[in-house]
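In this note's numbering, the protein residues as written are 1110 to 1482.
The beta carbon of each residue, even a glycine, is placed where N, CA and C say it ideally should be.
The structure appears below as structure tokens.
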Amino acid sequence: MMLELFDLRHGTIVNHHHGQEDATGLTLKVQGLADPRAEVTVNGLPAQRRGKVFSCPVKLTAQFNDLRVSARDNYGERQLNIRLVWDKQSCKRYNFFIDDHIFFLDDIAKQQPKSLFEHFYLRCLKDINRQFGTKFTLNIFYRNSRTNFTLKDFPERYRSEFQDNSDWLRLSFHAEAEFPDRPYQHATAAKLAADYDLVKGEIQRFAGAASFIEPIVLHWGMVPPDNLKVLTERGVKVLSGSFLNSLTYVGEKPSQETFADVGYFQDTDTGLYLRSQVNLYDFKHNLCWSKDQCVCNLFNQQEIPALLQPFFSPDCQSDTIGLASHEQYSFPYYDNYLPDHNDRLALAARLVSEQGYQPVFFAQGFLGNMAWE
């Protein structure tokens, strides 16, 4: 017996683009295919039929909503049971995280400037914040693989300055160090937990509790599914990645075939969905998968606008954009230094701001939307 839904699947996130929203709920038209002879109901309501196509309006009133579709004929009954997530009062918003941080901390610990923002890198981020209101999450290593510096060497003298800027500047866990690559792809849960707690503890020591925020990405974006509970138990609600055909170094040529990588062992089916729909809720692990739209160190200033343009289209039903990059490309002493890296960060922030996207932290609320809080 045929029974399938158009556009909806278990974990689909819907908002005002998908139906009619008011103070009492979001009304969607649920559509799909069923045998023309079958009686179809959606949450107990009879669906309208037109040949194989069925449709039925359904009102969502909670953040998480059960959808039960039943098709019954002389041979029996078939059911689809999925859950939808309502992104209530959704608005256009963007998150900007930058990975692999340890250089600026090492520099400041050695140079001991009067202010954090005397360092060129943090000064650049503050300038972008002043221009566009951008909120940055800096994902932190515990150890600099190129020197003997570790976070325990960073002084507490800047704690109040970190806290004073925590409305737009947050620090988060990334990994114990840059190397080895893919540190948590085959690591134990105990290793992941220990590294997370170590980095979080040091951040809270030198920057204050207000400066820490739960990560939405880990180094190399690979964690065995069994270990995701280490993160959700620590408050992680979103994990971001590229999921499909991931570019992992500057100048890498895109693959001609589709493969899943840098996406927490999610399969190509999930990756293909995220490529078009951006976000998907995973009820098994109680978190949201979110696809990055632009990693600034991988694309030049001519490529970044074209990369973001599809998400500015009126046809795009997602209200979220994820921007990302990596700290080291801003530093002249880094082997693969990009002289215009800071300009790329500013360009990405400007482009989304000009399109009306508001800066948020995806780790707060639901993808930065506080309507359900």
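With a Cβ-Cβ cutoff of 8 Å, do residue i and residue j count as a contact?
{"i": "F1271", "j": "V1308", "result": "no"}
{"i": "R1279", "j": "V1469", "result": "no"}
{"i": "Y1251", "j": "E1285", "result": "yes"}
{"i": "S1399", "j": "G1431", "result": "yes"}
{"i": "N1478", "j": "Q1198", "result": "yes"}
{"i": "V1326", "j": "G1350", "result": "yes"}
{"i": "F1352", "j": "G1380", "result": "yes"}
{"i": "F1206", "j": "N1248", "result": "yes"}
{"i": "R1181", "j": "A1147", "result": "yes"}
{"i": "F1258", "j": "D1215", "result": "yes"}
{"i": "V1461", "j": "L1416", "result": "no"}
{"i": "E1311", "j": "A1472", "result": "no"}
{"i": "M1331", "j": "F1374", "result": "yes"}
{"i": "W1329", "j": "R1384", "result": "no"}
{"i": "N1152", "j": "L1176", "result": "yes"}
{"i": "S1355", "j": "D1376", "result": "no"}
{"i": "Q1411", "j": "L1456", "result": "no"}
{"i": "L1454", "j": "I1237", "result": "yes"}
Over the uninterrupted beta strand (DSSP E) stretch that includes residue i, give me the two end residues.
{"i": "R1192", "result": "1185-1195"}
{"i": "N1174", "result": "1173-1182"}
{"i": "S1462", "result": "S1462 -> not in any beta strand (DSSP E); alpha helix (DSSP H) instead, spanning 1450-1463."}
{"i": "F1245", "result": "1245-1250"}
{"i": "L1114", "result": "1112-1114"}
{"i": "G1477", "result": "Premise fails: G1477 is in no beta strand (DSSP E) and is neither H nor E."}
{"i": "S1281", "result": "1278-1284"}
{"i": "Q1386", "result": "Run containing Q1386: none in the beta strand (DSSP E); it sits in the alpha helix (DSSP H), 1377-1386."}
{"i": "P1363", "result": "Per DSSP, P1363 belongs to no beta strand (DSSP E) and is neither H nor E."}
{"i": "T1150", "result": "1148-1151"}
{"i": "K1393", "result": "Counting along the chain, K1393 falls outside any beta strand (DSSP E), and DSSP gives it neither H nor E."}
{"i": "V1139", "result": "1134-1143"}
{"i": "E1094", "result": "Nothing about residue 1094 can be reported from this structure: the residues present for the chain run from 1110 to 1482 only."}
{"i": "R1118", "result": "Segment: none, R1118 is in no beta strand (DSSP E) and carries neither H nor E."}
{"i": "Q1129", "result": "1128-1131"}
{"i": "S1351", "result": "Run containing S1351: none; DSSP gives neither H nor E here."}
{"i": "L1169", "result": "1162-1169"}
Using only CA atoms, which one of the options lies nearest to residue i?
{"i": "K1244", "options": "A1433, D1444, Q1464", "result": "A1433"}
{"i": "T1121", "options": "Q1129, N1174, Q1410", "result": "N1174"}
{"i": "E1392", "options": "I1325, I1237, V1347", "result": "For clarity, residue 1392 is Phe in the given sequence; the question names Glu instead. With distances taken between Cα atoms, F1392 lies closest to V1347."}
{"i": "D1428", "options": "Q1402, S1320, H1119", "result": "Q1402"}
{"i": "L1301", "options": "D1273, F1321, P1334", "result": "P1334"}
{"i": "P1423", "options": "G1465, N1406, N1336, Y1390", "result": "G1465"}
{"i": "N1274", "options": "R1239, V1151, Q1294", "result": "R1239"}
{"i": "D1144", "options": "M1111, N1124, L1154, E1412", "result": "M1111"}
{"i": "N1204", "options": "F1163, Y1305, A1458, Y1442", "result": "A1458"}
{"i": "C1397", "options": "N1409, T1341, G1141", "result": "T1341"}
{"i": "K1338", "options": "G1372, F1440, A1298", "result": "A1298"}
{"i": "Y1358", "options": "Y1446, A1296, G1160", "result": "Y1446"}
{"i": "L1269", "options": "Q1294, Q1426, S1224, F1440", "result": "Correcting the residue identity first, residue 1269 is Ser in this sequence and not Leu. The shortest C-alpha separation from S1269 is found at S1224."}
{"i": "W1277", "options": "Y1293, A1319, R1255", "result": "A1319"}
{"i": "E1130", "options": "T1150, D1196, L1142, R1255", "result": "D1196"}
{"i": "N1253", "options": "P1448, P1289, F1226", "result": "P1289"}
Give the DSSP-derived three-state secondary structure of residue i in the structure shown.
{"i": "S1434", "result": "strand"}
{"i": "V1345", "result": "coil"}
{"i": "I1312", "result": "helix"}
{"i": "V1339", "result": "helix"}
{"i": "N1406", "result": "helix"}
{"i": "C1233", "result": "helix"}
{"i": "S1399", "result": "strand"}
{"i": "Y1483", "result": "Only positions 1110 to 1482 of the chain appear in this structure, which leaves residue 1483 out of reach."}
{"i": "N1204", "result": "strand"}
{"i": "P1264", "result": "coil"}
{"i": "G1242", "result": "coil"}
{"i": "A1296", "result": "coil"}
{"i": "P1289", "result": "coil"}
{"i": "D1428", "result": "coil"}
{"i": "D1444", "result": "coil"}
{"i": "F1321", "result": "strand"}
{"i": "F1421", "result": "helix"}
{"i": "A1156", "result": "coil"}
{"i": "P1334", "result": "helix"}
{"i": "D1306", "result": "helix"}
How far does the alpha helix (DSSP H) with residue i in it extend, from its first residue to its last?
{"i": "D1216", "result": "1212-1220"}
{"i": "Q1272", "result": "1268-1273"}
{"i": "P1414", "result": "1412-1417"}
Looking at chain D, is there any beta carbon in it that lies within less than 8 Å of the beta carbon of residue i?
{"i": "K1161", "result": "The structure shown has no chain D; it contains just one protein chain."}
Would you call the stretch 1314-1324 in contact with the stretch 1260-1267, where contact means no fewer than 3 C-beta pairs closer than 8 Å? A contact exists between the stretch 1314-1324 and the stretch 1260-1267.
Taking contact to mean at least 3 C-beta pairs separated by less than 8 Å, is the stretch 1224-1232 in contact with the stretch 1182-1195? The stretch 1224-1232 and the stretch 1182-1195 do not touch, with fewer than 3 CB-CB distances between them shorter than 8 Å.
Could you check whether the stretch 1155-1174 touches the stretch 1135-1142, counting it as contact only if at least three pairs of C-beta atoms, one from each stretch, sit closer than 8 Å? Contact between the stretch 1155-1174 and the stretch 1135-1142 is present, because at least three Cβ pairs lie under 8 Å.
Does the contact criterion of 3 or more C-beta pairs under 8 Å hold for the stretch 1433-1445 versus the stretch 1403-1412? By the criterion of at least three beta-carbon pairs nearer than 8 Å, the stretch 1433-1445 is in contact with the stretch 1403-1412.
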